[in-house]
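These protein sequence lines are chains S and Y, in that order. According to the numbering used here, numbering within the first sequence proceeds without interruption in unit steps and concludes at 190. According to the numbering used here, numbering within the second sequence proceeds without interruption in unit steps and concludes at 265. Just so you know, even glycine gets a beta-carbon here, dropped at the ideal spot from N, CA and C. For clarity, every value in this text was computed on a predicted model and none was experimentally measured. Take a look at the structure set out below.
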Amino acid sequence: MSKMSPVKCTVITGVCIGLCVVLPMAFHAIPNGGTLFSPMHIPVLLCGLICGWAYGLLCGLAGPLLSALLTGMPPMQYLPAMLVELGTYGLMCGLLFSLVRTKKLYTDLYISLVVGLLAGRIVAGIAQALLFFGGRYTLALWLTSYFVRTWPGMVTHLILVPAVVAALIKAKLVPERYPAE
Amino acid sequence: MRTLPTGQYLPGHSFLHRLDARAKLLCLFLLMAAVIGAPSLWGYALVLAVVALLILLSGLPLRSAVAPVRGVYLFLLVIWLMNALFFDGEDVLFSWGIIQLTRGGMEQGFRVAANVVLVLILGNLLTMTTLPTQVAAALASLTKPLARVGVPTEEVGMIISVAIQFIPTLLEEAELIKMAQTARGARFESKKLVERATSLLPLVVPIFVSAFRRAEELALAMEARGYRYARNRTKRQANPLALADYLALAVCALICLAQFFVRR
Numbered sequence: 010m011s012k013m014s015p016v017k018c019t020v021i022t023g024v025c026i027g028l029c030v031v032l033p034m035a036f037h038a039i040p041n042g043g044t045l046f047s048p049m050h051i052p053v054l055l056c057g058l059i060c061g062w063a064y065g066l067l068c069g070l071a072g073p074l075l076s077a078l079l080t081g082m083p084p085m086q087y088l089p090a091m092l093v094e095l096g097t098y099g100l101m102c103g104l105l106f107s108l109v110r111t112k113k114l115y116t117d118l119y120i121s122l123v124v125g126l127l128a129g130r131i132v133a134g135i136a137q138a139l140l141f142f143g144g145r146y147t148l149a150l151w152l153t154s155y156f157v158r159t160w161p162g163m164v165t166h167l168i169l170v171p172a173v174v175a176a177l178i179k180a181k182l183v184p185e186r187y188p189a190e
Numbered sequence: 002m003r004t005l006p007t008g009q010y011l012p013g014h015s016f017l018h019r020l021d022a023r024a025k026l027l028c029l030f031l032l033m034a035a036v037i038g039a040p041s042l043w044g045y046a047l048v049l050a051v052v053a054l055l056i057l058l059s060g061l062p063l064r065s066a067v068a069p070v071r072g073v074y075l076f077l078l079v080i081w082l083m084n085a086l087f088f089d090g091e092d093v094l095f096s097w098g099i100i101q102l103t104r105g106g107m108e109q110g111f112r113v114a115a116n117v118v119l120v121l122i123l124g125n126l127l128t129m130t131t132l133p134t135q136v137a138a139a140l141a142s143l144t145k146p147l148a149r150v151g152v153p154t155e156e157v158g159m160i161i162s163v164a165i166q167f168i169p170t171l172l173e174e175a176e177l178i179k180m181a182q183t184a185r186g187a188r189f190e191s192k193k194l195v196e197r198a199t200s201l202l203p204l205v206v207p208i209f210v211s212a213f214r215r216a217e218e219l220a221l222a223m224e225a226r227g228y229r230y231a232r233n234r235t236k237r238q239a240n241p242l243a244l245a246d247y248l249a250l251a252v253c254a255l256i257c258l259a260q261f262f263v264r265r
């Protein structure tokens with residue numbers, strides 16, 4: 010997935026930022042869809058995996074910002090923590106996907122996704138504890154807000170993101186990672 | 002193809018067409034802040050009046066100016082209803098099972114819908130009266146100080162302008178796909194979590210495939226027209242802002258401040 014031209018990466022990142030605005034609106038039409046499935050994370054993870062860490066980081070920062078400005082989702086009080094979390098997702102997924110090469114697409118995807126999702130949650134927790142909550146943030150609160158309440162979202166991301174990558178490769182919209190000889 | 006005219010530049014000589022792209026972009030940010038900061042119905046009425054005046058000043062047909070909203074009004078209606086009927090508020094007007102109509106929910110739904118409508122029209126006015134290259138150049142020019150710390154501002158400008166231009170199209174497509182999948186029996190409203198999560202697969206995958214197909218088409222068109230890498234592009238020296246640009250900025254800043262004072 011490194012064969013894509015910079016122009017294509019630029020446009021795909023723009024589209025993924027647009028999807029960061031559109032997907033939460035689509036999911037909010039489903040009862041509790043936004044809270045349960047964290048739809049804004051999906052384009053950020055995909056952008057990092059497909060376009061690379063720099064584009065993923067930009068998507069993770071610009072997506073929630075644009076969405077908050079246009080639709081009020083996420084609310085401004087949650088925005089700084091989300092910027093840190095999503096920025097780390099895009100950065101880590103892109104970085105790991107470019108470094109991990111096991112010759113198996115799904116293994117690469119799952120390693121990058123799982124580590125990226127964990128790293129995002131850890132960095133966001135540290136940012137909450139040190140910057141946004143000023144010492145009033147507890148381990149229990151972190152576990153509740155980033156794991157207990159969001160596990161359906163995590164599971165959905167682990168199912169959806171590889172499925173979308175496979176669909177994009179099948180549609181020849183993204184180059185194959187390990188083309189058949 | 003029917004969505005192409007939305008946000009597409011329409012050549013003209015109106016007051017809005019003649020304003021500098023940097024001033025228009027700053028005015029857009031100020032007016033967006035005025036929309037988001039609108040404290041009450043009167044705040045929204047003020048911004049609505051300004052938007053109506055801008056449509057007049059743009060010389061664009063009303064149909065074209067509000068085109069992005071026409072494509073998503075059903076979707077916004079659903080958003081408003083979801084907020085109005087499922088918001089967790091105290092001032093309940095009507096209650097039946099899990100449905101409860103609250104004043105807070107209606108207000109919240111109105112706010113979300115009004116914010117999207119007004120910002121979409123403002124963004125559309127910008128893109129219909131300004132060439133995309135001018136928008137990207139203006140974004141790059143305004144973020145130029147960041148280039149000193151290594152941020153590729155030209156590319157960031159291009160990415161943000163692509164994102165803004167794609168939002169109405171993506172909204173329409175998401176709505177179409179959702180309706181198509183509902184017609185095929187997708188159960189988005191199911192109470193079972195697994196069933197609800199499974200129903201998302203046929204919604205999300207086509208949205209991404211369709212969005213990436215559009216991205217591919219745009220990237221090909223850009224490359225065919227010689228666009229390569231934002232940082233290697235040459236551009237002529239930007240002109241200083243004119244008196245009309247400063248006036249427009251001052252008026253938009255005043256509108257923003259007016260929202261603040263209405264709040265008090």
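Contact note: Gly-27/S reaches chain Y through Ala-164, Phe-167, Ile-168, Leu-171, using a C-beta cutoff of 7 Å and chain order. In this chain, the beta strand (DSSP E) harbouring Ile-100/Y covers 100-103.
Leu-177/S reaches chain Y at Phe-209, Val-210, Phe-213, counting residues in chain order whose Cβ is nearer than 8 Å.
The beta-carbon separation of Tyr-155/S and Gly-125/S, rounded to 14 Å, does not stay under the 8 Å limit for a contact.
When Cβ-Cβ separations below 9 Å define contact, Ala-148/Y makes no contact with chain S. At a cut-off of 9 Å between beta carbons, Pro-48/S contacts chain Y. Looking at Glu-91/Y, Cys-257/Y, Ile-99/Y, Asn-116/Y, the one whose alpha-carbon comes closest to that of Gly-106/Y is Glu-91/Y.
CA-to-CA, the gap between Leu-114/S and Leu-105/S works out to about 13 Å.
By the beta-carbon neighbour count (other beta carbons within 10 angstroms, threshold 16), Trp-43/Y is exposed. By the Cβ criterion, the segment 203-213 of chain Y is in contact with the segment 174-188 of chain Y, since at least three pairs of Cβ atoms, one from each stretch, lie closer than 8 Å. By the Cβ rule, the segment 162-169 of chain Y counts as touching the segment 18-30 of chain S, because three or more pairs are nearer than 8 Å. When C-beta distances to chain S are compared with 9 Å, the residues of the segment 109-128 of chain Y below that value are Gln-109, Arg-112, Val-113, Asn-116, Val-117, Val-120, Leu-121, Gly-124, in chain order. At a cut-off of 9 Å between C-beta atoms, Lys-12/S does not count as an interface residue with respect to chain Y.
At least one CB atom of chain S sits nearer than 9 Å to the CB of Arg-229/Y. Judged by their CB atoms, Met-101/S and Ala-128/S are nearer to each other than the 9 Å cut-off. Leu-94/Y carries a strand assignment under DSSP once its states are collapsed to helix, strand and coil. Lys-179/Y belongs to the set of residues whose beta carbon lies under 9 Å from a beta carbon in chain S. In this structure, DSSP gives Lys-181/S a state outside helix and strand, which the three-state scheme calls coil.
Within a 10 Å sphere around the beta-carbon of Ser-59/Y sit 16 or more other beta-carbons, which makes this residue buried. Taking a C-beta distance under 9 Å as the contact criterion, Met-49/S and Ser-14/S do not qualify as a contact pair.
For the set Thr-130/Y, Arg-112/Y, Leu-77/Y, Leu-47/Y, the Cα lying nearest the Cα of Ser-65/Y is the one of Thr-130/Y.
Contact between Pro-73/S and Leu-88/S holds: CB atoms are separated by about 6 Å, below the 8 Å threshold. Judged by DSSP in its simplified three-state form, Pro-171/S adopts helix. Collapsing the DSSP output to three states places Pro-84/S in coil. Using a CB distance below 9 Å, the part of the segment 88-101 of chain Y facing chain S consists of Ile-99, ordered along the chain.
Per DSSP, reduced to three states, the secondary structure at His-14/Y is coil, with no helix or strand assignment.
Contacts between Glu-224/Y and chain S, judged by CB atoms closer than 9 Å, involve Ser-14, Val-16, Lys-17 in chain order. For Leu-219/Y, the closest Cβ of chain S is nearer than 9 Å. Rounded to whole angstroms, the gap between the alpha carbons of Leu-150/S and Val-36/Y is 34 Å.
Sequence-distant partners of Met-163/S (beyond 5 residues in either direction) whose C-beta falls short of 7 Å from its own C-beta, in its chain, are Leu-126. Ranked by how close their Cα comes to the Cα of Leu-82/Y, the residues Tyr-187/S, Met-34/S, Leu-70/S have Met-34/S in first place.
For Glu-217/Y, the number of other beta carbons within 10 angstroms of its own is at least 16, and it is reported as buried. By a beta-carbon distance limit of 8 Å, Val-118/Y does not contact Val-48/Y. Their separation comes to about 10 Å. Apart from the 5 residues on each side of it in sequence, Leu-61/Y sits with its Cβ closer than 7 Å to the Cβ of Leu-11, Met-129 in its chain, given in chain order. Per DSSP, reduced to three states, the secondary structure at Leu-20/Y is coil, with no helix or strand assignment. Going by DSSP, Gln-137/S is part of no alpha helix (DSSP H) at all; its letter is neither H nor E.
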